[in-house]
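Structure first, then comments.
In this note's numbering, the protein residues as written are 44 to 867.
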């Protein structure tokens, strides 16, 4: 009996033919490569090996001048179901369509003596990026090299340009063994996905290489004049909102301190606990005085803080000239053109690449530049960043932002100092009782101060996002170099992520001064780290194409990086330049499917059984206006009944207790409406372990689309009391950094209670983070558990805390309604 053929032997033969064909393509033996790859493509149609062969054929046809076949085959690949293959095909097809077909060689069978470069490298060819010489000489940036995401090669033009070398990925920790089956993780892989197709590089083999696209020639066309009147009104409104919030928080604290003193005085009858009479006064005048004082002294106060934290020193003109002659020229020319004095330049001797402006008036303005920025960016990129900061000064938005940073620095410095002194005092106090008292007081003060810091950022977030668009545009117009600014912004994000990996935590400086930086810290953590493992166009796709993205940035300090870089690409197209990143045309033809519109609220197709995703995402807050509609109906019923004989319901008309009570009740109903969708059950078979580039490249996801994951990596963050609330928890995976959100089962107060294992106790260890992955303006995991290799487990309680918060809001609303006479 003849045995049936072994399918594995056939696959092995095709694999050998494919490898031989790719090797021939690499050696520029195009005839042999085409013969081998065509046989594999015919034998393995609709299989990963066939896809790899077809992609290789596209480049082989292109190299031999047969553009018609290359374009036809590439067009078929644009319909491939695999996202990376389709992205590569779209990009390659665009490049092929833009080229004019060259004349075919006289002898098509003859290999050219100097074959053209295909721009196609199926394997790691060891292209090393140009580096800055040890003597400090900085290469010029006239050379254009391909940004390698799908084609790992470079097109030589003139001179080489430096780039950021990739950060080596940390070793993948072994899977934590556990006897509890419900917390085990399984890796979900798609066997049909061509993960090793040539041109679609894996995170392990990807190498970031910049194109170094050119800049506008001298005398470039000016962009339309900026209209800043509305922006200045918005800035004033946000500053007033900050003032009102500070006044409210101060009045709340003073009133409650006196209330506590009164209770202590009643209990002890000690004069020391007598209430402080000045705390009963209206704090409006005091807050006004402090705002004026902080604004007027902001240049010198921020100088003092930066000297204390970073050891800031003056930046000499010679130092700036060595790093960037163009930057020095831009500062002088722009200040002369705007008729304003040149700002004082300061140097921050730190490795993280940042730059920011601050002060109260242009004559007292400062621009702080880090040593890392001068070392990691090229000459023209440094000039674009300084041009951004000059734009902030010219637009006058640097003054209110300096005031805001000083205001939020007060609670943030209290948070940091209390944590610091608690650690020192705990080591000096030998009596356990007093050590516990110090720990309890320090925990309460530090947690409260950090919460106030987070609250005080909210009023200025709108201005912080809006001003970035104006400064980017002005910088591009000043320098005529939007491509240089694109590289600078991306390199700053990469450098910030690299600094977090090196420091093993987020520094207090990065978090405290985030509002002033060119790049937001939350975006830099994910995009900056993933940018070393996948093409930036791929990981920024969500930023330019998600239909709900604008609604999801309300808690962001900076606009979406993809949107910013897309605008810079459009400026480059306006000046007829090759763009650094292929973002200009992304998102322009996005479908309206899934986009939230007001009419969806009244569409029976979606409501109430299938509410639109964005409606469900914001259900807790949308429940508040819904409750107001219910109040309006009740008032209407009360008004109608007050004109009839049913007098016992006339109290409904105009009862404000119903109004105030329904607000938290509406929040409760909205929270409960989405809780099941927001926190689906985590079962072992549903847990996946996606890579960070895969997460970022999903352009349709919302935070509501919770994906149960179990990611392995090293836990980074602060240790001790500084991280009791989970302020700084970052998982370092093989493909980048992911933020972790932790909350006690009893909320922030529960985080201050004694616990067997806190998340901060596992910092520096290899862990498995299990929870709900959310993709919004940033990427984060709402934790369910953190499990170390040693078996230590820290449990989080997002679903429980959400339910407790909802029911507490309902009880509060009911109490307000029953105590109605107080609000009438």
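C-beta atoms are modelled at their ideal positions from N, C-alpha and C, and glycine is treated no differently.
Which word fits residue 357, buried or exposed, when buried means at least 16 other C-beta atoms lie within 10 angstroms of its C-beta? exposed
Close beta carbons around residue 543, own chain, < 7 angstroms, minus the five adjacent residues each side: 549, 568, 759, 773 and 780
DSSP three-state assignment for residue 120, whether helix, strand or coil: helix
With the cut-off set at 8 angstroms, would you say residue 531 and residue 604 are in Cβ contact? no
Helix, strand or coil for residue 808? Go by DSSP, reduced to three states. coil
For residue 437 and residue 405, what's the separation of their Cα atoms in angstroms? 8 angstroms
Does the beta-carbon of residue 470 have 16 or more other beta-carbons within 10 angstroms, so that it is buried, or is it exposed? exposed
Consult DSSP for residue 750 and reduce its assignment to one of helix, strand or coil. strand
Going by DSSP in three states, residue 445 sits in which element: helix, strand or coil? helix
Look at the Cβ atom of residue 513, then the Cβ atom of residue 269, and state whether they are nearer than 8 angstroms. yes
Taking the straight line between their C-alpha atoms, what separation do you get for residue 189 and residue 740? Only weak support is given to the placement of residue 189: the predicted model assigns it a pLDDT of 32, under 50, and the value that follows is read from those uncertain coordinates. Approximately 21 angstroms, taken between the alpha carbons.
Between the Cα of residue 338 and the Cα atoms of 442, 388, 314 and 417, which residue gives the shortest distance? 442
Own chain, CB closer than 7 angstroms to residue 343, minus 5 neighbours either side, in chain order: none
Nearest candidate by alpha-carbon position, reference residue 271, set 257, 843, 78 and 435: 435
Is residue 427 closer than 8 angstroms to residue 518 when the C-beta atoms are compared? yes
For residue 802, which residues of its own chain have a beta-carbon under 6 angstroms away from its beta-carbon, when the five flanking residues on both sides are left out? 769, 772, 785, 829 and 837
Can you give the Cα-Cα distance for residue 407 and residue 676, rounded to whole angstroms? 57 angstroms
Helix, strand or coil: which one does DSSP assign to residue 786? coil
Please state the DSSP three-state secondary structure of residue 499. helix
Distance between beta carbons of residue 609 and residue 584, contact taken as under 8 angstroms: Not really, about 11 angstroms apart at Cβ, beyond 8 angstroms.
Which class does residue 325 belong to by DSSP, given the choice of helix, strand or coil? coil
On the DSSP letters alone, give me the boundaries of the beta strand (DSSP E) that residue 825 sits inside. 822 to 831
Between the Cα of residue 708 and the Cα atoms of 723, 846, 787 and 620, which residue gives the shortest distance? 846
Whole angstroms is fine: what's the gap from residue 788's alpha carbon to residue 839's? 6 angstroms
Segment contact, 8 angstroms Cβ cut-off, at least three pairs: the segment 593 to 603 with the segment 795 to 813: no
Proximity of residue 589 and residue 256 at Cβ, strictly below 8 angstroms: no
How about residue 724 and residue 747: do their beta carbons lie closer than 8 angstroms? no
Proximity of residue 445 and residue 402 at Cβ, strictly below 8 angstroms: yes
Separation of residue 413 from residue 540, as counted between CA atoms: 15 angstroms
Using the beta-carbon count (16 or more within 10 Å), is residue 360 buried or exposed? exposed
Considering only C-alpha positions, which residue in the set 819, 563, 486 and 554 is nearest to residue 510? 563
For residue 599, which option in 751, 791 and 560 has the closest C-alpha, if you only look at C-alpha atoms? 560
Same chain, Cβ closer than 6 angstroms to residue 430, five either side skipped, listed in chain order: 373, 518, 521 and 522
Contacting residues, own chain, Cβ-Cβ under 6 angstroms from residue 349 (five flanking each side not counted): 355
I'd like to check one pair, residue 290 with residue 330: are the Cβ atoms closer than 8 angstroms? yes
Just the Cα atoms here: how many angstroms apart are residue 742 and residue 587? 8 angstroms
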